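Numbering (our numbering), first residue to last: 2 to 253.
A quick write-up on the structure given underneath.
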């Protein structure tokens, strides 16, 4: 590769994997490519072609193959990211050791930044009468919220919220037996910034012991009467004879 005595550049950003909406730090990696150790350099940057306030790195970047570290992370500053937009980052170094860079081909990083998306892979396992394990594809270093409620509820207006969960899976307790639930998961970025909700995942808690006297009104969402003796659905804690999937199934 072409290099020189004082040669540095930006090689990557730790902000690529997932950026939460709101004001977030933008961090890049600077690298010494030259034959001299570097003790200072300037780093400038743009978002979507708009210049941001640059910064100065002061430290020691050893030469490639030297005993010390030849790269370091530099926080450029904060930027306010909005949901539903794409952001192009351009960052470059200049004046390594206070002099002109001897090779400019490796100075600049151009990349797109991705806003964190809603968690994927929301699923439910180990379902008991009053608890269940909620799992999702979690990103390292991100906290999460869970919201759950009756089947069909709107997570933006209703439900029971569990906040600042450190990772997946999470054992959800305090549930009612013999009950159908929807559950959603979102990333909690702090400072009031969140991803959109991922899910829902539906589950039905195990059947609880029924204590007499007791009444069944057959009017909750776990009972479906098709009106034509076909595709009826009964509560999972009940059985029918004949089976509701058969052509002789009942209606009510």
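We put the beta carbon where it would ideally sit given N, CA and C, even for glycine.
Predicted model, so just to flag it, every value in this text is computed and none were measured.
Between which two residues does the beta strand (DSSP E) carrying residue i extend?
i: residue 1; result: Residue 1 is absent from the structure shown; the chain starts at 2 and stops at 253.
i: residue 134; result: 133–136
i: residue 74; result: 72–82
i: residue 59; result: 51–62
i: residue 128; result: Counting along the chain, residue 128 falls outside any beta strand (DSSP E), and DSSP gives it neither H nor E.
i: residue 98; result: Where residue 98 is concerned, there is no enclosing beta strand (DSSP E), given that its DSSP letter is neither H nor E.
i: residue 183; result: 181–191
i: residue 205; result: 199–205
i: residue 106; result: Element bounds for residue 106: n/a, residue is neither H nor E.
i: residue 31; result: 23–33
i: residue 9; result: 9–14
Please tell me whether residue i and residue j are closer than 7 Å, where the distance is taken between their beta carbons.
i: residue 182; j: residue 204; result: yes
i: residue 189; j: residue 144; result: yes
i: residue 206; j: residue 162; result: no
i: residue 169; j: residue 136; result: yes
i: residue 54; j: residue 23; result: no
i: residue 130; j: residue 178; result: yes
i: residue 147; j: residue 186; result: yes
i: residue 235; j: residue 241; result: yes
i: residue 151; j: residue 198; result: no
i: residue 46; j: residue 92; result: yes
i: residue 134; j: residue 121; result: no
Report the residue from the options whose alpha carbon sits nearest the alpha carbon of residue i.
i: residue 6; options: 94, 75 and 104; result: 104
i: residue 71; options: 10, 110, 149 and 126; result: 10
i: residue 29; options: 112, 174, 68 and 21; result: 112
i: residue 237; options: 82, 201 and 180; result: 180
i: residue 210; options: 239, 160, 83 and 81; result: 239
i: residue 82; options: 202, 220 and 195; result: 195
i: residue 173; options: 14, 128 and 13; result: 128
Taking contact to mean 3 or more Cβ pairs, one atom from each stretch, closer than 8 Å, check whether the region 23–36 and the region 63–70 are in contact. yes
Tell me whether the region 51–59 and the region 108–117 touch, counting them as touching only if at least three CB pairs, one residue from each stretch, are closer than 8 Å. no
Complete runs of the beta strand (DSSP E) confined to the region 138–179 [at least 3 residues]: 144–151, 161–166 and 171–173
Counting pairs of Cβ atoms below 8 Å between the region 91–105 and the region 41–50, do you hit three or more? yes
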